Amino acid sequence: MEGTQLFVTHVDLTALVEDDRFYYVLRSVPTFLKARNPFKLLVGEHEIECQPSFRLFMSTTVPAYRVPAQLSAFINVIDMCLSRDGLEEMFLDRFMELEKPRIQDSRLQSVSEIVRLLKMKDESERKFLEVLLKNRQFLHDLSTMKKISSIRKNFEETVESITRAEQSEASLLHSREAFRPIARRAAVLFDVTRHMGEVNEKYTISLAQFLKIFDTAIQHSERTAVKAVAERVGQSAFFFAVQGFLEKDRKLFALLSAIEVEDSFGRVSPGDREFLIYPAYGSAVKTALNHGAMVTTSQLRIINAKKPFDWMTDEQYSGLQLLAQSFDWFQDAFEKMTKDGRETQWRQLVEHEIPELVALPDNLDEKFNPMQRFMIIRAIRPDRLIQISRSFIIQGLGRRYTSDLPLDLGFVHRQSDSKTPVLLLYDEESAILETFVKDLAGKKQVDLSVVHLSTGCSNEERYARRSLHKAMTEGTWLLLLDGHNSPRLLDMLDSLISDSKQIEVNFRLWISAKISSPLPCSLLQLTVKVVADSPKNIRDNLVRSMSLVDSDILGSSSRTEWPALLHNVCVLHNVVRLRSQYQLVGWNAPAVINPGALELSDAIRVAAREFGEHNSHEHSTTPVTTAGKAIQWNALRYMLSEVVYGKGIQDEFDHQSLSAMVDYWISPAAVKKEFEASRVKYRLPSVFFSGNVRLPSLVQSLESLPANVLDVPEACGLHSSPETVVAHDQYIFTRLNWIYDRMPVTDTLTHACVESDFYTPTKGVVVVSGQTQLPGASFLAVEKSGLFASASLWALRHRKDVDLFEICTTALNKVPKPWSKESINEKLKKVGVTSFSLFVLSEVEQMQRLIQTIRDDLQVIKTSVSDGIHGDLVPPDVLEVATALYHLRIPSRWLQLAGDSSPPGSWSLVAWLTDLQSRHAHIERVVTQGRDRVPAYWLGAFFNPKRLLAIVKQEAIRNFESSGRSSVMELFVLQSDITGRDKDHLREPPLEGIFIYGLYMWGCAWEKTTGDLMDSPPRHGPTPLPVVHLTVVPQSEKHSLHDPQKAAVSYSCPCYPSRICPREPVLLLDIDNKDVSASRWPLRGLCATLRPF
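Sequential numbering from 1 applies to the sequence shown in UniProt numbering.
Rendered as structure tokens:
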């Protein structure tokens, strides 16, 4: 080493920790600081002589808090990020240089003049002091007095000039301040975009990229008003960034931008953001900021107030109470809520289906700003968080910020240049990207080379580099598909492009990469990023789907139904995708049902082949003058349901649901002008039935549809219920909390309750942003979508202290007492060794094992707490149980032993043990009464209910044989009859088969009086079924299997242990509803469960 300074850029901190070459260098920092003479140092495998003057500087884009502890312990970490105020000044200077250079030059000249005059002033003062020091009797010295008088005159003239220059500068600064809103909007958008990298590191944006967008927006904006320029800068920055975000993060970005723009206008106060995230957390922040101030009389009155209205829930009133208690601006409105007939206005707001569009009572909208209105609606309707957020964004930024951004590669091409590649990110669909880029290259009449990067080997890399060099010199386009497979090449792209001296202007580099794969930061900051996945929004995906239809396919048939069928194929594709968003509510195996653009292309080709063949009369001699007469609809539906969309489906009931969706949208009735999707009131646009159909007009008609016309469960056939929750609110607001935790403290953003550097995520999400009581499979979606942040940590720290000793003591009293082996054996001896007795014995053993495990774990924890035994002396599995109990969760070990019928881990321990007591009591009743005396069985109590049903079937077969009939060639099946009886009215078992109870139906409602199925009311949960009578009959005698009329209205409804367990049906319930087609029920996702969760 020569003792010079070394600056290393784009450092990968993870690799640096593991790099042996830097091990001793980083740990020798004290030696470099204290040494006076050269010393020896080991660098890798070589020992070199080091000069003490050597200094190492490294730069990285990783935030300071993400520096590994192995590095931060030995180095100095300096955060070089500009604050929002600093960014504002920088953008303001840049705007003045671009648009107002004369003002900027005059200001710089004024500053230079002031500096020059200040120096002259200092020089005059220095000369004056020199004269005084040289001659102390200067009063009698005429020359000295003249010199002093001259210096004084120059000094006064200089001071006067400084005053004039400062006035001139103040005037220029005043003119400059008029353009500050432009710089403020740019600073807010860049700061928000920068912090979106906390959600996904692929959202990283460089200041150089943003400055380019800023300059372009200024150049193309209308200069009539500052507000218009600020809006143009904001929109350009927003849409440039948002095109590189996943769709689920675009709503988060829009909401974050809207809040911070409101903050830049001074309309956000401390605690507002936290209240939106979680009301109790926002109230706690306000309390902490008051530093323990005395509670005022009005606050005390609000705290002690009782809920005045029966129609308002406790949660809604608590939200308003917290708002009034913590924020002075709402106290008066809260206290007047019950006076002068305001109850009607508040009730209308609380109970309205669209509360975000309803005016606040007592004309409060004129008094409160949008942020305050947002907080009020959030307090009373947490179930509408997404819709309230959208209304707030529209009010603050405009409707464009809430619309989904279509993929426009032509616009992306204009944003790029020869040295700025385009990075096409995808999460699900990759194959369609090549088609998009090829189509654009064809429109631009540019040659395109495609390189598939699949292995990342050296030969593949060399070929890609040669192709890159050739494309740069010839001015053609190059597409690197799946670039994440070659990380070494991506690392070099920055230097390969910047170091190249021969790059044609028309050259473009396109790179596709999976967004979940690691990508170099240098590439992310160099490229224009675009997420190319299909939109989740059905209208936008319909537009993209129809855009994939070329003019040749549209003109392949002259039949009037053909454009409508193309539309229905696109709708079918989108509703299948929509159903997958509802996870286990939509499909039993949602992971394998997520069709992409390739499936859509296949579906369109299949439909075109069917219609094209008949249109050209190649395979049919039937005249085609009658619409739909020659079309083989059954064949078309079979190809779509079995080959195109059903090729990866293995679940029988998912197949049935898919077939029902295909039957609904692909039929002669569905391509008629009067067809309407009744549950969503959707009609095909009339342009699809016009005589002269053109593709642009079809796309335009779809673009004019309402934004969320089909984004409802009813669009894919499901019943709208509390289960159909996609947890967008939980995803957005927990990540909003996560981002604010990592933002620096400002006048309106504090970390008063939880320190900003805690960063220790805990398993599980304590705080749920929206609804807190979610049935069935919906709570799984909420749990997976949430993120542990400061609101959850605050709730965890401020809940009631958890005393493990007290928990264990209480739980031990609620755990059922184990049976004695002697009593069980004595009771079973009376019936002998039968299939039923062996089944009961197996259930007893599993229950005994579960109870004994629970009691042992609780006893060990109780003893450890009382004796002060440390955690390292407690078995790991017991320690895991203690951790779960401390965090108010059911231990996973207990859940596994409890079987598929066990309640979810989110239940309270008391409720879970109470349910266990009920199961224990039912098994004990079965043991005591025996097979012949149990009137009805609760299948949800058993660990293996299918074994009981197998025993019933076995008994029926024996009875069948004893009657003299042969069962060798006969298959036997269960037959169910849903009675209208209640389990409490049963005294004796049936003569044939068994009675079962405790079943619940999901997706439809059951009318007990008539025994009919009907659509459930909105937001309605599962319907409890009455007693079901199960019998076993030969398959040949079951009418629903052999009678065509009966089969058309009969549906074999699967019954699962619960909605949250693996989808393996316990039994099939026979559902028939008079004249209603059986295909309606799989479309609704109808199923039954043994438990109500």
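Backbone N, C-alpha and C define an ideal beta-carbon position, used for all residues, glycine too.
None of the values given here were measured: they were computed from a predicted structure.
Give the range of the beta strand (DSSP E) segment to which Ser667 is assigned.
-> Unbroken run through Ser667: none, as it is neither H nor E.
In chain order, each alpha helix (DSSP H) run of at least 4 residues that lies wholly inside the segment 794 to 862 = 804 to 814, 821 to 829
Counting only runs of 4+ residues fully inside the segment 623 to 657, write out the alpha helix (DSSP H) ranges in chain order.
-> 633 to 638
Report, in whole angstroms, the separation of the C-beta atoms of Ser326 and Lys286, which I expect to be a contact under 8 Å.
-> 4 Å
May I ask you to report which of helix, strand or coil DSSP gives Pro891?
-> coil
Alpha helix (DSSP H) segment containing Tyr740, residue limits = 728 to 741
Boundaries (first-last residue) of the alpha helix (DSSP H) holding Asp191 | 180 to 195
Delimiting residues of the beta strand (DSSP E) encompassing Tyr426 | 422 to 426
Burial state of Ala911 (16 or more Cβ within 10 Å) = exposed
Specify, as a first and last residue, the run of the beta strand (DSSP E) that Gln5 falls within.
-> 5 to 8
Where Ala35 and Phe54 are concerned, what is the direct C-alpha to C-alpha distance, given to the nearest angstrom?
-> 11 Å
Kindly indicate which three-state DSSP category Trp587 falls into: helix, strand or coil?
-> coil
Expressed to the nearest angstrom, what Euclidean distance is found between the alpha-carbon atoms of Val860 and Cys753?
-> 35 Å
Could you give the distance in angstroms between the alpha-carbon of Met546 and the alpha-carbon of Val575?
-> 15 Å
In three-state terms, what does DSSP make of Gln771?
-> Confidence in Gln771 is poor, its pLDDT being 47 and thus under 50, which makes the residue's placement too unreliable to answer from.
Between the C-alpha atoms of His46 and Phe22, what's the straight-line distance to the nearest angstrom?
-> 12 Å
Pick from Asn485, Ser557, Ser498, Pro1062 that is closest to Asp651, judged by C-alpha positions | Pro1062
Environment of Thr455 [buried if 16+ CB atoms lie within 10 Å] | exposed
For Asp1075, which three-state DSSP category applies?
-> coil
In this structure, does DSSP put Asp408 in helix, strand or coil?
-> coil
According to DSSP, residues forming a beta bridge with Ser1052 = Asp1070
Touching or not, the segment 202 to 211 and the segment 739 to 746, by the rule of three or more beta carbon pairs under 8 Å?
-> no
Does the distance from the CB of Glu262 to the CB of Pro370 come in under 8 Å?
-> yes
State the Cα-Cα distance for the pair Val844 and Ile923, rounded to the nearest angstrom.
-> 7 Å
What's the C-alpha gap between Asn76 and Ile48?
-> 24 Å
Identify the residues that DSSP records as bridge partners of Leu479: which are they?
-> Val450, Trp510
For Phe805, collect the residues of the same chain with a Cβ closer than 7 Å to its Cβ; drop the 5 residues on either side in sequence, then sort them by chain order.
-> Lys862, Val865, Ser866
Which residues in the same chain have their Cβ closer than 8 Å to the Cβ of Leu92, if we skip the five residues on either side of it in sequence?
-> Arg176, Phe179, Arg180, Ile182, Ala183
So, do the segment 407 to 416 and the segment 493 to 506 have three or more beta carbon pairs nearer to each other than 8 Å?
-> no
Assign Ile277 to one of three DSSP states: helix, strand, or coil.
-> helix
Taking Arg84 as the reference, which of Arg152, Ser264, Leu26 has the closest Cα?
-> Ser264
Cβ of Leu132 within 8 Å of Cβ of Thr158?
-> no
Just how far apart, CA to CA, sit Lys68 and Thr193?
-> According to the sequence provided, residue 68 is Pro. The question's Lys does not apply to it. Rounded to the nearest angstrom, the two C-alpha atoms are 24 Å apart.
Where the alpha helix (DSSP H) through Arg466 begins and ends = 458 to 474
Looking only at DSSP bridge pairs, what is Lys40 linked to?
-> Glu49
Closest Cα partner of Thr724 within the set Arg1059, Ile511, Glu880 = Arg1059
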